[in-house]
Every structure is written in C-alpha cells, then in structure tokens.
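Since the structure comes first, as structure tokens, the remarks are kept for the end.
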Amino acid sequence: MFLNQFLLLSAILFTIGVYGVIVRKNGVLVLMSIELVLNAVNINLIVFSTYWGVAGQVFALFTIAIAAAEVGVGLAIVLLIYRNQRSVDIDELDEMKG
Amino acid sequence: MNSAALIIAEVVPLVTPETTFDAPANVVFAVQAVVMIFAALRVVTTKNVVHAALWLVVVLGGVGLNYILLQAEFVAVTQFLVYLGAVIVLFLFGVMLTRAPLGVSDDLDNNQKKIGIGVGVALLAVLSYALIETFGRSELTFAAYEGVAGPNTNGRTQAVSDAIFGQYLIPFEMLSLLLLAALIGAIVLARRD
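Note that the protein sequences, when read in sequence, are chains A and B.
Mapping of the first sequence onto our numbering: position 29 corresponds to residue 29, and the numbering continues sequentially without gaps.
Add 1000 to a position in the second sequence, counting from 1, and you land on the number used in our numbering.
So this is what it looks like as structure tokens:
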C-alpha cells in the first residue's frame, strides 16, 4: 500500500468538510462537517504513526476525545441559539455585524 | 523527473516481501474509499438532516476501517465506540431538540455554493500537489511497528498504552480535566432556567 493513497483520501475528506462548513447554514450540519475535517486529520495521524511510532495513535485518541467534547459543547450552543432565536440558521446570527 | 527516481531508489530497499503490493488490502481500501467519498459528499449535499447524520455513520465507519488497514486496532475500536456509539446519538439528539425539519428541506444551504466549490477545489489542488510532490510513490512500511508486533500478540496496543501512561501521562490527565470542563459547560449552557 502507498502512503499517498491514505493521505489523498484524507485530503479529499478534509476538502469536503471545509466545503460543508462554508455552504451549510443549519448549525447541526456545520458541526457534522467539522467532524469530517477532524476525522481527516486523524487518518493522517494514524498513517504517520506507521512511520514514526505510536505517538500518532496517542494523538489520534486525544483528538477523538476532544472531538467528543467539542460536539457536546457545540450542540449545547446550537440548542441555546435555537432557544433564543427559534431557528438554528447560523446566517441569521449577524448581531455583531457593524 | 529525477525526484521520482530518487524516491524510488530510496524506497526500494525498504520494501520487504510483506510490504509489497498487497492485493486484498488494496481492494478493501479502494471499495471503502469510493464509498466514503460518496457518503461524505452526501453529508454535505443532502437535503434531509437525518439522512446527513446517517451518511456520517458510513464515513466514520470507513475511517475506522482505514485504521484497521493501518494496523491501529485500538484506535479503530475507540473510533467505533466513541463516534458511532456516542457522537452520532448526540447529533440525532441535536436534530431532535432543535426541531429540524425531518423531511426534505430546501433551507439547509446558503447562497455561497460557488465560493464553497472554489475554496474546495483550490484546497484540494494545493494539498494533493504537496502530497504527491513530497511522498510520491512511497510505500507504507509499518517500520514503527517492527519488534512491537508479532503474530498472536497485542504488542501494538501494549505500545499505545505504554505511551499514554508513560510519556503522555500529563496530557492524558489534562484531557480528563478538559472532558469534565466540557461536560459541566454543556450542562450549564443547555440548562433551562
């Protein structure tokens, strides 16, 4: 197996995730796109751990834990936005626009 | 281009009989790569919020399969437990609690589709140029696992646990504090009063 087949797959996943963050306006769907990006990073960490030792796997586990925390807090924020605005449309959150 | 010749000259001595072209693993990789890319595209293009969460299951499962192909079993099992078991359920709860439209909805995307496609294509071009230029046709050698993994042992998992509870003990404990803080923060944010 080539190194690049995994790295290119992860680059494609990363790009799709970035596209989703730009295009989606439902808060929950933006969080899902962020999960795609985080998973692409994790694939890279695991690929390079076959080269340079298990540190990559340890960092991938850290990323998984932090992503779980991020989803918890992120969904709580989306829920709060929904409760205040009656909608999770993040394009309507323009109160800080000058 | 002679950089390709240099890379091949560097790589060829590293190729041992078990790291040459591995047909079953490559077939599995090709199938799951196609499925994963299709599912990821559906996550960001589907008009149904619940379908997006379910396509995300396919992507996250494919990522776990990638970890197995890369011989990182412990991370793969963690991926299945944490992502497929917990994160997807959280997302479905989020969909339920925000009363997202459960059927087909045309109101999920904004009008930045052209910017999104432009940024995506540019990013993919830069990333793949850098990757192909840097790593070319380097083979995966699993060099780091030599000596720690043999048949009928769980040497790699042992090495991961040694690293977590040795060299990375303090970051690991910090991580538990972070999880506690995130838990309390989520409760405080979502509490109704």
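Glycine residues also receive a C-beta, built at the ideal position from the N, C-alpha and C atoms.
Measure from the C-beta of residue i to each C-beta in chain A and report whether the shortest distance is under 7 Å.
i	result
residue 1018 of chain B	Because residue 1018 of chain B carries a pLDDT of 49, less than 50, the predicted location of this residue cannot be relied on, and no value is offered for it.
residue 1140 of chain B	yes
residue 1161 of chain B	no
residue 1193 of chain B	no
residue 1067 of chain B	yes
residue 1154 of chain B	no
residue 1125 of chain B	no
residue 1110 of chain B	yes
residue 1022 of chain B	yes
residue 1116 of chain B	yes
Mind checking if residue i is an interface residue toward chain B, Cβ cutoff 7 Å exclusive?
i	result
residue 96 of chain A	no
residue 12 of chain A	yes
residue 85 of chain A	no
residue 38 of chain A	no
residue 9 of chain A	yes
residue 34 of chain A	no
Tell me, please, which residues DSSP counts as bridged to residue i.
i	result
residue 14 of chain A	According to DSSP, which records beta bridges pairwise, residue 14 of chain A is partnered with nothing at all.
residue 1139 of chain B	A:2
residue 89 of chain A	A:26
At 7 Å on the CB atoms, spell out the chain A contacts of residue i, in chain order.
i	result
residue 1041 of chain B	16
residue 1179 of chain B	65, 69
residue 1080 of chain B	The contacting residues do not exist; residue 1080 of chain B stays about 11 Å from chain A at best.
Can you grab the Cα-Cα spacing for the pair residue i / residue j, in whole Å?
i	j	result
residue 1078 of chain B	residue 98 of chain A	45 Å
residue 1194 of chain B	residue 50 of chain A	Residue 1194 of chain B is absent from the structure shown; chain B starts at 1001 and stops at 1193.
residue 1088 of chain B	residue 1059 of chain B	11 Å
residue 1188 of chain B	residue 1095 of chain B	20 Å
residue 48 of chain A	residue 1146 of chain B	15 Å
residue 1022 of chain B	residue 1083 of chain B	29 Å
residue 1103 of chain B	residue 1168 of chain B	46 Å
residue 45 of chain A	residue 60 of chain A	6 Å
residue 1057 of chain B	residue 1135 of chain B	30 Å
residue 1116 of chain B	residue 1110 of chain B	10 Å
residue 1071 of chain B	residue 57 of chain A	10 Å
Below 8 Å on C-beta distance, what does residue i contact in chain A?
i	result
residue 1144 of chain B	49, 50, 51, 52, 53, 54
Note down, in chain order, every chain B residue with its Cβ under 7 Å from the Cβ of residue i.
i	result
residue 77 of chain A	1189
residue 28 of chain A	1049, 1091, 1094, 1095, 1098, 1100
Which residues of chain B have a Cβ atom closer than 8 Å to the Cβ of residue i, listed in chain order?
i	result
residue 93 of chain A	Ordered by position in chain B, no residue passes the 8 Å Cβ test against residue 93 of chain A, which lies about 12 Å from the chain.
residue 73 of chain A	1182, 1185, 1186, 1189
Any heavy atom of the ligand PLP within a distance shorter than 6 Å of the CB on residue i?
i	result
residue 1163 of chain B	The ligand content of the structure shown is nil, which means the ligand PLP is not present either.
Given that residue i touches chain E, what residues does it touch there, using C-beta distances under 7 Å?
i	result
residue 43 of chain A	Chain labels in this structure do not include chain E; the protein chains are A and B.
At 9 Å on the CB atoms, spell out the chain A contacts of residue i, in chain order.
i	result
residue 1168 of chain B	55, 58, 59, 62
residue 1056 of chain B	32, 35, 36
residue 1103 of chain B	Correct list: empty, because the minimum Cβ distance to chain A is about 14 Å.
Complete alpha helix (DSSP H) runs within the region 1035-1115 of chain B (minimum length 4 residues, chain order)
If one requires a minimum length of 4 residues, the alpha helix (DSSP H) runs lying completely within the region 1035-1115 of chain B are 1049-1069, 1073-1079, 1088-1097, in chain order.
Fully enclosed by the region 51-96 of chain A, which alpha helix (DSSP H) runs are 4 residues long or longer?
Listed in chain order, the complete alpha helix (DSSP H) runs (minimum 4 residues) inside the region 51-96 of chain A are 55-85.
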